[in-house]
Each structure stands twice: as structure tokens, then as C-alpha cells.
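Colleague: Residue numbers (our numbering), protein chains in the order written: chain L, 13 to 508; chain R, 18 to 347; chain E, 422 to 765. C-beta: ideal position from N, C-alpha, C; glycine also. Small disclaimer: the values here were computed from a predicted structure and weren't measured. Following this message is one structure expressed as C-alpha cells.
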Amino acid sequence: MANYVEFNNIKKGFAGVQALDDISFRVEGGRVCALMGENGAGKSTLLKILSGDYIADEGNILIDGKPVVFSSPHGAIKASISVIYQERQLVPGLSVMENIFIEDLPTKGIRIDKAALRSKTQAILNEFELDFSPSEIVGKLSVAHQQMVEIMKAYRRNSNIIAFDEPTAPLSEHEINTLFKVIRKLKSDGKVIIYVSHRMAEIFQISDDIVVLKDGNLVCELKSDETNELELIKAMVGRDIGDTYAELKRNDKIGEVVLEVRHLETDDVHDINLTLRKGEILGFAGLVGAGRTELARAIFAADPIKSGEILLEGKPVRFKSPKDAINAGLALCPEDRKEQGLVLERTISNNVSSAVLSKVRTGPFLSKQKEQKLANDAVKMYSIKTPTIEKQCIELSGGNQQKVILGRWTSEQVVTKVLILDEPTKGIDVGAKAEIYQTVCDFAKAGLAVIFISSELTEVINLADRIIVMAEGRITGTMTRQQATEENVLKLAMHH
Amino acid sequence: MAELATSVKKVIKSKMFALIMLLAMLTTFMQFGTDGMFLHPINIRTILDMMIITGMLTIGSAMLLISGALDLSMGAVGTMAGMLFAVLLRYYGVHWSVAFLICLALAAMFGVVNAILVNFARFPAFIATLGMAFVAEGVSFLFAGGANISLSDPFMRALATGRFMNNTIPFSILILLVFFIVYGLILSKTKFGRQIYLVGGNPHASRLVGINPRKISFILFINSSMLGAIAGIMFNSRVAAATTLGITERQFFGLIAAILGGVSFGGGTGGLGGAFVGLLIFSAFGNGMFLLGVDSFWNQAMFGMLLLVSMAFDYLRTVGWKNIIGRRSL
Amino acid sequence: MDKSVTVKKSDGRLGRIVSYVLNHKVSLLVVITIIVVSFFQTMNPNFLREQNILIMLIITSFIGFLGLGVGLLLISGQIDLSTGAVTVMSAVLVALLINAGIPWPLAALITLVFGAVAGAITAFLVNGLGMMSFIATIGMMSVWSGLALVVTRGNPITINDPGFWALSDIRFFDTIPLLFVILLFLVVLYGFMLSQTKFGRSIYIVGGNKNAARLAGINPKRVQNILFINAGAISALCGILFASNFRRGDPVAITLGMDAITAAVLGGISFAGGAGGTGGFLVGLLLLSFFNNGLNISGVGPYWQTFARGAILIAALLLDYLRSRQREKVIRAGTAEKTAAKSK
Chain L
13 MANYVEFNNI
23 KKGFAGVQAL
33 DDISFRVEGG
43 RVCALMGENG
53 AGKSTLLKIL
63 SGDYIADEGN
73 ILIDGKPVVF
83 SSPHGAIKAS
93 ISVIYQERQL
103 VPGLSVMENI
113 FIEDLPTKGI
123 RIDKAALRSK
133 TQAILNEFEL
143 DFSPSEIVGK
153 LSVAHQQMVE
163 IMKAYRRNSN
173 IIAFDEPTAP
183 LSEHEINTLF
193 KVIRKLKSDG
203 KVIIYVSHRM
213 AEIFQISDDI
223 VVLKDGNLVC
233 ELKSDETNEL
243 ELIKAMVGRD
253 IGDTYAELKR
263 NDKIGEVVLE
273 VRHLETDDVH
283 DINLTLRKGE
293 ILGFAGLVGA
303 GRTELARAIF
313 AADPIKSGEI
323 LLEGKPVRFK
333 SPKDAINAGL
343 ALCPEDRKEQ
353 GLVLERTISN
363 NVSSAVLSKV
373 RTGPFLSKQK
383 EQKLANDAVK
393 MYSIKTPTIE
403 KQCIELSGGN
413 QQKVILGRWT
423 SEQVVTKVLI
433 LDEPTKGIDV
443 GAKAEIYQTV
453 CDFAKAGLAV
463 IFISSELTEV
473 INLADRIIVM
483 AEGRITGTMT
493 RQQATEENVL
503 KLAMHH
Chain R
18 MAELATSVKK
28 VIKSKMFALI
38 MLLAMLTTFM
48 QFGTDGMFLH
58 PINIRTILDM
68 MIITGMLTIG
78 SAMLLISGAL
88 DLSMGAVGTM
98 AGMLFAVLLR
108 YYGVHWSVAF
118 LICLALAAMF
128 GVVNAILVNF
138 ARFPAFIATL
148 GMAFVAEGVS
158 FLFAGGANIS
168 LSDPFMRALA
178 TGRFMNNTIP
188 FSILILLVFF
198 IVYGLILSKT
208 KFGRQIYLVG
218 GNPHASRLVG
228 INPRKISFIL
238 FINSSMLGAI
248 AGIMFNSRVA
258 AATTLGITER
268 QFFGLIAAIL
278 GGVSFGGGTG
288 GLGGAFVGLL
298 IFSAFGNGMF
308 LLGVDSFWNQ
318 AMFGMLLLVS
328 MAFDYLRTVG
338 WKNIIGRRSL
Chain E
422 MDKSVTVKKS
432 DGRLGRIVSY
442 VLNHKVSLLV
452 VITIIVVSFF
462 QTMNPNFLRE
472 QNILIMLIIT
482 SFIGFLGLGV
492 GLLLISGQID
502 LSTGAVTVMS
512 AVLVALLINA
522 GIPWPLAALI
532 TLVFGAVAGA
542 ITAFLVNGLG
552 MMSFIATIGM
562 MSVWSGLALV
572 VTRGNPITIN
582 DPGFWALSDI
592 RFFDTIPLLF
602 VILLFLVVLY
612 GFMLSQTKFG
622 RSIYIVGGNK
632 NAARLAGINP
642 KRVQNILFIN
652 AGAISALCGI
662 LFASNFRRGD
672 PVAITLGMDA
682 ITAAVLGGIS
692 FAGGAGGTGG
702 FLVGLLLLSF
712 FNNGLNISGV
722 GPYWQTFARG
732 AILIAALLLD
742 YLRSRQREKV
752 IRAGTAEKTA
762 AKSK
């Protein structure tokens, strides 16, 4: 039985961005430690190091004072560590009992002992007060029940260290209550429990200790019964805003309404109403999965719309595909640069010209001169660091890749009226971020209407003229930059 | 001077250079192995004579591979079209030009079905097109009840077998060159060609810059079926008969030539220049084996091995490329 | 909040019928099979005659052997298109060995080893060299059927060993050929392995969620390698019995391999991996055989049969597509699935 687990000077960086910087803390057995922080604070990275998915650059993990090293997630499980992720690690075609006992199915001779399997699983199901059958096929269960299977799988392993990554997101009230009962039981058994959640109420209900991370640093360690919601939010937000925002040259001439969305419904977002003006930067804040990306994609016609209306410059529009949206003057810089933004194996110039191929032609053929001019303009305008525009995008840094995408939508050949930026600063180092902030302000000055989606609160509330907060697919609040504080935005984003 | 050195280095490192070196090595080997028979004008003519068939299949395969898909029904569709062509000419007295258009239209329908299965029912391209190959085979049986039909339209025969300049250069190779140049220009110089590369490189990203990947896919599947049909008709005109076997056996020739020519299986890379050299290598290899006296029973096994070897090269290329990236990110 | 509930609600009556049908596919297949059988029986009373049934059972067995090999691979998320060619090569090989004076049991054993080696080569191409399995096995298909032509110079090799012939002449209850009994035995054996043993379950885990497999300490490549070797060996067995039945090793390519895939997919083994079993497979196999044979004896020409072969394959795949879409609906929210799809 483990008495404690200790994180010892853990450091981890990705392509120049320090995701975790010298994190040290200790979690005692028999206590629930909540790991808190904004998106990108480093919680998931820390859990992935614990589960053996990532290997720390420096530092190590100690269990009862002994350093543990494992080369794979399977090794972590063998070391009695279970991490329950939001992404379910289930096999949809197998039954509940087979999924729960996936690593060591009980056998009788060469046969799997189905009777033992069933009764063991039934016992766990009873404990969790769930009424589906052990032989039910997992793919047929609801998402909430699938999540419970994932939790039971970790519970069954009887691991000494159990980490939950937002376990309650898909669960209903009843299931959350049973989960908490189980966690309390695990706690009384003396297990080490790490719990990540964005839901304030839960944190105070279930945790004993709270560790707050921000930008890869450990901000503070608190005792749950000695702190309160306000103090916790303050700790998560931090107070280290530099002068970056004060130095921005902003646009002060906001014009008429360019884009209006009325009662928009899709599979993921509900009853969305918003207006966006010329020269305005409209920020979207919210937690991961709040529906901001989905909203952007729906407006851009990348995903289907169920009902509702979109008006561009006062006229109702119905885009059938992104192509229509682009022709009407919309532009989307997607969140996932590698998957959605760039054709990585192609050159900078090919990527910059990709949206305006008709405009770089002489007669029926593409003109190399015109294409190169376009690319050179983009390189100059955004000071993209590259020896040549014929370099493949895969060889560029994240910041420069982002600039290539921006260059695509702001060349003299595109008529962009509404620019949607989805997490434009994700995975980009601090210097490049400041450049992108000024670029965004310049867009507004040039008369573009900008939608700025970011999970970094500081960034949204300091850059945007107006902020819309989303939670669970709905808009939970709208405010001006002057009204917005990190506290009230975070509160709305955690609205439940 | 240094500039010259770097540009020479660049040339040496390029894919095209490697391919041409391979072709040169193969040619040298064959030339010595066959006591000078290989590069004899008559033999070169023999090689060129048949190249149009595999060449058409190579163009169709290369275009689809670059867009990230493939078509295994080209050969069977070609056989079917060739059979229909013969039936129309012989039993219905249709003029060759009309028959040609009808055959292309039928082939295009197969392309449409392939595209629907791949884009809407989301079948993997290989299984959808393999299934359609069976359907096409069945249909060509249907046209002639499994019989062979002789085909002797003077114009088509002249087109397929005729030569000019003292009976040296076949017409058909000129037709093929025109096709390669036109398709090469489309691929490298036009908006549509660029879109094929973008879709093959990243379909999600290309959709978000206003390209319709489905449209590209439909056009390319229709195109490959029609090229298959042209290959089938040319083949039948050459051998003056339509058989139920037709060019079905050559199903994979175009694929092998394209992959040999540096068109990657993953999509988004390669070009028709390389594919043409791939086609030369493929044709030279087949012909050289024959001249060396290798039993014709070896053909099928040889081509299978050639496919595997070209795939292995393709893999090594991508792995090498990935290694470079890996080192960079570390 | 609870997405699965809304999905269920939005399904209309038609949706419910569709989902019922898809969920009870095996019983549906049985019904279709009965319809097909009654149809052909009314069309041609010879359909259910002993002689025809015998022919049907033999062909069914050959397709069935290959189907078991490739079906297991499909469950694990791979495919093998070369099984038919390995069968041809094996038939030729066993014929050559027997004619060289090697006693037939030893010849058969050597041929089985050859099949396993052929499978191991495929496994190396796929998991060692990272080729896509369909293209690697197309290559291997060419290699094996080509080699069969090379060694025989295109002529069938007649076998003169009554002991070896007898292998396929054995009849149970005077009707059921030994071949079919071996097939049934293998279906039961593989069925037991798939549903009752750890290794069997690991095949589903590998095909259903590779990530989960690694977490559970299962090496996906190892499982798939074993299955490639298995497919090779069982194709060789098929080749041996084929040679025994026709008393010769015939190098002319046969399309059994494709029929085997059709039977597997028709019987509910998912093309996407991770689902299906031998019970459904057997019904799918019988349905396909009844259908093919019915067309045959009803005087439908060979061209229609080739056509039907492609059409049935596509129909089976469409059914599979509908079913997997159904499954996807339920786990739509599972991000693991989304990323898995993306990485493809």
C-alpha cells in the first residue's frame, strides 16, 4: 500500500514551449488531491507523465520515496497506477465484463472463466449501483455508462494510485453521487487519489488538498477546507499580466454590424445569438469542449447547421460549404494547425496561395511569379522566419506555421471581411504570441471583423473588445473588455 | 562555384535523378546481358509499341494516388470497354467514333459508382474498386457471352499499330506523350492540379480553404475509368481482337509504374514526370526479362515482386523523410 | 446532457426497424438463407438433391477455410488478399512433392509449413516494412500464383496416390464429405478460441482499440503476425484438400480468396475490425454458397456469376457500413474514436 506519491522537479517541454517547469508536490495516501488550473496549465501533461504516456525531461516520480520509471502505459499500470482519461480506452465490440478485466481475464484451464468474470463484474456493478448487465456490449452503452465502465476498470485493478481526468464531464447527477461514494471508499482504503475537474462545487465536495498550476508552474498548494471559491479562482488566474497588452496599438473605430447569428443550432451548440461589427475583436472564452470551435466551424459551413440564421452585412446567407463562406468573405484559421490548417508537406508558397488559386493564374496556368509574390508578401508582412518560400511547412516552428495561415487569409488577393481565429496562440512561445496580438489589432484597424477564440483567459479579456463566454454549447454571458475580469469570466465558463 | 556545387548536389539528391540513374543502370545491364539486343532500334520500337496501354493506366493511377486514393478496376473496366467497342463495331455497325464515345460514357459510369462508394459509403478505395472490377468483368462477359470478337476497324488499327518516319516511331507513343504532357501540365500548372496535391496532402485542410475534396475525387475516378477504357480499346485494336481477358491482367501495371516513379502511396507527392520514368523502367524491365530468355511464366511472379519492391522503396523514402523531421524536432 | 438518449429518441420507426435488423443480423441471415434456398428449390428441384448438396458442401468448405483465415485477420484490423493464391501454390506444391515420391502425410506437412512461411512473409511486409496489408497481399497474390505457373509451366499436375485421393472421398453418413466435417471442426475450434480464450479476446481488442490493447499489455503486431501465419497455414490446408479432391495440383488461379472475404463480411465480420464471430461467418458462408450454386444450376451464365460476385461483395460491405455507422452513433462522443478515425 502506497502511503504517498511525490512529484520531484518535473520538467517537460514541447517544441520550445515549457509545458511543465519544475513541478514538485506530494500527495498523501487516504487523501484526495485536486489538480486545478486553466486550460494549458499543464494538468494533462502531468497526468500523462504519471501514466507513462510521456517521459519527463527532468525530475522523477517517487512512490513511498522510491523513484519509479516505466517505459509504457502498461508499465505504469503494473506499478499500480491507474489514470482515467476523458478519451475512453474501451473496446466497443467487447462486453462490459471483458473490458473491465481486459488485462487479466480470469481463466479456467485455457478457457476464460465466464462465470467468475460475470459474478466479479456484477459485484462491481452493484457497488457502483449500475443496472446494466455484465455481458452488455460496451458500444451499445450510453456515453455516461461507458465512462463508468472506464472508471470501474481502474477501480477493479485495485491500483494504489488513481488519477481521474475530468471524470464527471459526461455523467449525470446520480452517477456523480455514486462515483463520489466510490472515491470516498477508495480514500478510506488509504489510496492516493488525484482528481482533475473544472467544476468548483465538486472540488470542494470531494477534495482534501488542492494544487494549482498555471502556465506549467505550481502556483500554490491549498487545503480545501481552508480556502474558498474566490481565492481558488484568483490563484488559478494569477496576477502576472505583463505590459504586452498595454503596449498594443488598438483600433478605436468600430463600425457597422458585419455578421449576425440568430438562434443557431447544431449537434454541438444551442441557441447561439451574436453580432460582430467591422473593426471589432470579439473574444470567445470557455473551457475546452464548450463548443467554441464547433460554433466557428458551423458559421464557416464546415459542419452542418440544424436551424437558425446567419446574416452577412444584413443579408441572410446560407453557405453550403466552406467554399461559399470564403467567397462571401469569411476566413477560418483552425485550432489544429497540423490536422486542419496546413498541408504540411507542401511549401509555404503553396499553402499561402491555396485559398486563392484562381487569382494567381495567367491564362489557364498558375503563375509562379504571382504565387511567389503572394508568399513573399506574407513572409515580409509577418516576418516569417525561413530562408525560402519553397520550404515545406512541416519544417517550420508552430508560430511560423500560424503566420503562414494568417498570410493565406490576409493577402491582397482575398477579400476577407470576417476573420475567425481559433486558438491562434496555442503551442506558440511568448515572443511570437505578442506579435500575433498586435497583428490581430492591426486586422481590426484595417476594418476586419475578428472572432478570437482562446482558452487562455488573460489573452481573451485583454485583447478582445467584447467577450462572449460559452459553456456546454451555450452562451453563458457577454461583456465588454472593461467589464470583464478573469474571475467573472471563469465563473461563467464553469457555469454548470 | 559554390552555387554550382549546391545546385549539382540538389540535382543528385532529387528523386528524378535517382530514377534516371536506375533506368540507366537497368538499360546498361540489359544491353550487356542481351549482347546489344536491348537497345537495337527494332527492340526499342517493340517497347514503345506497347507502352500506350500501361501508360494510360499509369496516368490514371498516378493522378488518383496523388489525391490519396487508388483504382484497381481500371484494367477490368478497360477490358469491358474494349469488348463493348468490338461488339458495337462488329454487330451493330456503329462508326468507331460513336462507339468510342459510348465506351467512354460506360466507363465514366463505373468511375461515378467507384466515387460514390468511396466518398459517400466511405468504403476503402481498394475494396470498392476491387468489387467494381468484378462487376466490370461480369458485364464484359455479358456483352459477348464470353466469346472473343475480332476487331478490324482500319482507322483504330492504324492508330494503334501505325508508325511513321520510316516505320520507326509508333503513332501510339506520340498519343501517349501528348497525354503525359497534357496531364503533366494540368497537374503541375493548373489550379485543378494543385488542388489534387492539396487534397492528397491534407483533405481536412483543403476543405477549409474552399476546395471540395469530393468533387476532385469524382473527377479523378471518372478520369481513371476513362483512361482504362482508352487503354482497353487501344489494346484490342492492336491485337485485332477483343478477348474476355483483355487488359485485366495489367490491372496493377499502371500502379507499379506510378509507384516506381516516385508517386507515394500516402498521397500528395510525386508527379507525372517521375511516373513517366517509372513507366520506362517498368517497360524496360518487362522487355529485358523477355530478351534475357526468362520464361514468360515468370511474368506474374516478377510483377508481384516488382510491386512489393517499389512499395518497399516508397516506404524507405517516407521513413527517411520522417527521420529527418524526427531529428529536427528533438 | 445524455447524448445517447437523444439519439434513441431521434430514431423514427424506420430507424428502429433498421437497428433491430442490424442488431439481429445472424437471425436475419438465417431467414435470408431460407428464402434463397426455397427460391432456388422452386426454380430447380435439383437444388436440394444429394448430388448437388455434395458439390455445394465441397466448394463451401474451400471458401470456408480461407474465410476463417481472413476473417480472423479482419477482426484484428488487417486483410489478406493472397489466400487464394497461397491455396493454388500449395495444391501445386503438394502434388509435386507426392509425385516426387514423398509419402503424402509428409508432403502435406511440408506444404502446411510452406503456408505458414508465406504468412510470415506477409506479416513481415505489413508489420515490419509498414506496408498497407491490402497492397502487400496483392503483391504476394501475384507472387504465389505466378510461382505456381512457373513451376508447373501452366499445366496441372496429376497426382497418382489413391491414399491421398481417399482423403477427400471419405463420407460421413454416406453424404457429408470429410472436407466439410473438417471445416465444421475448425469453425467450432476457432469459435471456441475467439470467444472463450484470452488470445481470442485479444484479437478483438487489437481490432477494436489498439490503444486499449497496448494499455492491457497486448502487442498488436504480435497478434496480427500470428493471424497472418494462421491464414497462410489454413490456406495451405485448403490447397492440400483441393489437390486431394481434384486429384491434381492446378496452377490456374481461382477466385476463392475474394469469395472468402465476401462470406466473412456477409456473416458480420466487420471490415473496420473488432467485431464478428464464427457463428455469423458460417451462416454468411452458407448463404453465399447457396446463392452461387443456385445461380449455377439455374442455368445462369458464368458472366452473371462474376457480376453477382462483385455485387454481393459490395452489398455485404454496404450492410457492414450501415452497421458500423449505427455503432458510431452511440459512441460518437467518444473522442478516442474520433482521433482513431483521424489517424487513419
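Taking a Cβ distance cut-off of 8 Å, strictly less, list which residues of the region 712–724 of chain E are near chain R, in chain order.
Modeller: Answer in chain order: G722, P723, Y724.
Colleague: May I ask you to list the residues that DSSP assigns as paired with E272 (chain L)?
Modeller: Against the first sequence, residue 272 (chain L) aligns to sequence position 260. For E272 (chain L), which the question treats as bridged, DSSP gives the partners L:T287, L:L323.
Colleague: For the region 322–340 of chain L, which residues have a beta carbon sitting closer than 7 Å to at least one beta carbon of chain R?
Modeller: Going along the region 322–340 of chain L in chain order, one finds S333, P334, K335, I338 with a Cβ nearer than 7 Å to chain R.
Colleague: Using 8 Å as the cut-off, can you tell me whether the region 543–560 of chain E makes contact with the region 324–332 of chain R, which would need three or more C-beta pairs spanning the two stretches below that distance?
Modeller: Result yes; three or more Cβ-Cβ pairs closer than 8 Å.
Colleague: Run through DSSP, which three-state label would G25 (chain L) get?
Modeller: As a first step, residue 25 (chain L) is located in the first sequence; it is residue number 13 there, counting from the start. In the structure shown, G25 (chain L) sits in a strand (DSSP, three-state: E or B).
Colleague: At a Cβ threshold of 8 Å, is R730 (chain E) touching chain C?
Modeller: Note that chain C does not occur in the displayed structure, where the protein chains are L, R and E.
Colleague: List the residues of chain L whose Cβ lies closer than 7 Å to the Cβ of K619 (chain E), in chain order.
Modeller: Counting from 1 along the third sequence, the entry for residue 619 (chain E) is found at position 198. Going along chain L in sequence order, the residues near K619 (chain E) (Cβ under 7 Å) are L117, T119, I124.
Colleague: Taking 8 Å as the threshold (C-beta atoms), are R174 (chain R) and A257 (chain R) in contact?
Modeller: For the purposes of this step, residue 257 (chain R) is taken as the residue at position 240 of the second sequence. For the purposes of this step, residue 174 (chain R) is taken as the residue at position 157 of the second sequence. It is a contact, given that the beta carbons lie within the stated cut-off.
Colleague: Assuming S147 (chain L) and R130 (chain L) are in contact, meaning their beta carbons sit under 8 Å apart, how far apart are those beta carbons, in whole angstroms?
Modeller: Position 135 of the first sequence, counted from the start, is the residue given in the question as residue 147 (chain L). Position 118 of the first sequence, counted from the start, is the residue given in the question as residue 130 (chain L). The Cβ separation is near 7 Å, so the contact holds.
Colleague: Quick one: what's got a C-beta closer than 6 Å to K60 (chain L)'s C-beta in the same chain, skipping five residues either side?
Modeller: For the purposes of this step, residue 60 (chain L) is identified with residue 48 of the first sequence, where counting begins at 1. Answer for K60 (chain L): Y66, listed in chain order.
Colleague: Tell me, please, whether the region 80–95 of chain R touches the region 231–241 of chain R by the rule of three or more beta-carbon pairs shorter than 8 Å.
Modeller: Touching, yes, given that three or more Cβ pairs across the two stretches are closer than 8 Å.
Colleague: Taking the straight line between their C-alpha atoms, what separation do you get for A685 (chain E) and F692 (chain E)?
Modeller: The sequence position of residue 685 (chain E) within the third sequence is 264, counting from 1. The sequence position of residue 692 (chain E) within the third sequence is 271, counting from 1. Straight-line Cα distance between these residues: approximately 9 Å.
Colleague: May I have the straight-line CA-CA distance separating I253 (chain L) from T470 (chain L), to the nearest angstrom?
Modeller: Position 241 of the first sequence, counted from the start, is the residue given in the question as residue 253 (chain L). Position 458 of the first sequence, counted from the start, is the residue given in the question as residue 470 (chain L). With a pLDDT of 48 at I253 (chain L), under the threshold of 50, the modelled position of that residue is not reliable, and the figure given next carries that caveat. Straight-line Cα distance between these residues: approximately 7 Å.
Colleague: For the alpha helix (DSSP H) containing N363 (chain L), name the first residue and the last one.
Modeller: As a working mapping, residue 363 (chain L) is identified with position 351 in the first sequence. Segment 360–365, the alpha helix (DSSP H) holding N363 (chain L).
Colleague: Is it buried or exposed for Q212 (chain R), if we count other Cβ within 10 angstroms and need 16 for buried?
Modeller: The count along the second sequence starts at 1 and reaches residue 212 (chain R) at position 195. Q212 (chain R) is buried by the Cβ-count criterion.
Colleague: Answer yes if the region 480–493 of chain L comes into contact with the region 280–287 of chain L, meaning at least three C-beta pairs across the two stretches below 8 Å, and no otherwise.
Modeller: Judged by Cβ distances under 8 Å, the region 280–287 of chain L makes contact with the region 480–493 of chain L, as three or more pairs qualify.
Colleague: Excluding five sequence neighbours on each side, which residues of the same chain lie with their C-beta closer than 6 Å to the C-beta of E498 (chain L)?
Modeller: To locate residue 498 (chain L), count along the first sequence from 1; it is residue 486. Cβ neighbours of E498 (chain L) beyond the five flanking positions: V249, L469.
Colleague: Alpha carbon to alpha carbon, how far is S710 (chain E) from T190 (chain L)?
Modeller: The residue given as residue 710 (chain E) occupies position 289 in the third sequence. The residue given as residue 190 (chain L) occupies position 178 in the first sequence. Each residue's alpha carbon lies about 53 Å from the other.
Colleague: Using 8 Å as the threshold, is the C-beta distance between L36 (chain R) and G201 (chain R) below it?
Modeller: Walking along the second sequence from the start, residue 36 (chain R) turns up at place 19. Walking along the second sequence from the start, residue 201 (chain R) turns up at place 184. Against a cut-off of 8 Å, the Cβ pair of G201 (chain R) and L36 (chain R) comes out as no contact.
Colleague: Using a Cβ-Cβ cut-off of 8 Å, state whether L636 (chain E) counts as contacting chain L.
Modeller: Locating residue 636 (chain E) in the third sequence gives position 215, counting from the first residue. Interface residue, yes.
Colleague: Leaving out five residues before and five after F158 (chain R) in sequence, what residues of the same chain have Cβ atoms less than 8 Å from its Cβ?
Modeller: One-based indexing of the second sequence puts residue 158 (chain R) at position 141. The answer, listed in chain order, is T261.
Colleague: Could you work out which residue in L:S92, L:G459, L:A505, L:P179 is closest to G303 (chain L) when comparing CA atoms only?
Modeller: Working through the first sequence from its first residue, we reach residue 303 (chain L) at position 291. Comparing Cα-Cα distances from G303 (chain L) to each of L:S92, L:G459, L:A505, L:P179, the minimum goes to L:A505.
Colleague: Across the region 454–465 of chain E and the region 710–721 of chain E, are there enough close Cβ pairs to call them in contact, namely three or more that are closer than 8 Å?
Modeller: Short answer: they touch.
Colleague: CB L570 (chain E) to CB P672 (chain E), shorter than 8 Å?
Modeller: To locate residue 570 (chain E), count along the third sequence from 1; it is residue 149. To locate residue 672 (chain E), count along the third sequence from 1; it is residue 251. Yes, these two residues count as a Cβ contact at 8 Å.
Colleague: Indicate whether at least one CB of chain L lies closer than 8 Å to the CB of R622 (chain E).
Modeller: The residue given as residue 622 (chain E) occupies position 201 in the third sequence. Yes, contact with chain L.
Colleague: Ignore the nearest five residues each way along the sequence and tell me which others in P334 (chain L)'s own chain have a CB closer than 7 Å to its CB.
Modeller: To locate residue 334 (chain L), count along the first sequence from 1; it is residue 322. Closer than 7 Å at Cβ, skipping near neighbours: F312, A313, A314.
Colleague: Compare the beta carbon distance of G148 (chain R) and G245 (chain R) with 8 Å and say whether it is the shorter of the two.
Modeller: The residue given as residue 148 (chain R) occupies position 131 in the second sequence. The residue given as residue 245 (chain R) occupies position 228 in the second sequence. Contact flag unset, no.
Colleague: Since L502 (chain E) and F535 (chain E) are thought to touch, with beta carbons under 8 Å apart, how far apart are those beta carbons, to the nearest angstrom?
Modeller: Here residue 502 (chain E) refers to the residue found at position 81 when the third sequence is read from its first residue. Here residue 535 (chain E) refers to the residue found at position 114 when the third sequence is read from its first residue. At roughly 18 Å, the Cβ-Cβ gap does not stay under 8 Å, so L502 (chain E) and F535 (chain E) are not in contact.
Colleague: Hey, L193 (chain R) and I69 (chain R): beta-carbon distance below 8 Å or not?
Modeller: On the second sequence, residue 193 (chain R) is found 176 positions in, with the first residue counted as 1. On the second sequence, residue 69 (chain R) is found 52 positions in, with the first residue counted as 1. Taking 8 Å as the Cβ cut-off, L193 (chain R) and I69 (chain R) qualify as a contacting pair.
Colleague: Could you pull out every residue in the same chain whose Cβ sits closer than 6 Å to the Cβ of E70 (chain L), ignoring the five residues on either side in sequence?
Modeller: Residue mapping note: residue 70 (chain L) aligns to position 58 of the first sequence, counting from 1. Excluding residues within five positions, the ones whose Cβ falls inside 6 Å are K23.
Colleague: Do you know whose CA, among E:T727, E:P577, E:L450, E:L738, lies nearest F667 (chain E)'s CA?
Modeller: Counted from its first residue, the third sequence places residue 667 (chain E) at position 246. Selected option, being the one with the closest Cα: E:P577.
Colleague: What's the C-alpha gap between M109 (chain L) and Q134 (chain L)?
Modeller: Here the question's residue 109 (chain L) lines up with position 97 in the first sequence. Here the question's residue 134 (chain L) lines up with position 122 in the first sequence. Each residue's Cα considered, the two are about 8 Å apart.
Colleague: Give the DSSP-derived three-state secondary structure of D381 (chain R) in the structure shown.
Modeller: As displayed, chain R neither begins before 18 nor continues past 347, which places residue 381 (chain R) out of reach and without an answer.
Colleague: Counting only the same chain and skipping the five closest in sequence on each side, list residues whose C-beta sits under 8 Å from that of S169 (chain R).
Modeller: Within the second sequence, numbered from 1, the residue matching residue 169 (chain R) stands at position 152. So the list reads A257, once near-sequence residues are dropped.
Colleague: Given a limit of 8 Å on CB to CB distance, which residues of the region 121–152 of chain R reach chain E?
Modeller: Answer set for the region 121–152 of chain R: L134, A138, R139, F140, P141, F143, I144, A145, L147, G148, M149, A150, F151, V152.
Colleague: Is the region 181–188 of chain R touching the region 268–288 of chain R, taking contact as three or more C-beta pairs under 8 Å?
Modeller: Taking 8 Å as the limit for Cβ pairs, the verdict is that the region 268–288 of chain R does not touch the region 181–188 of chain R.
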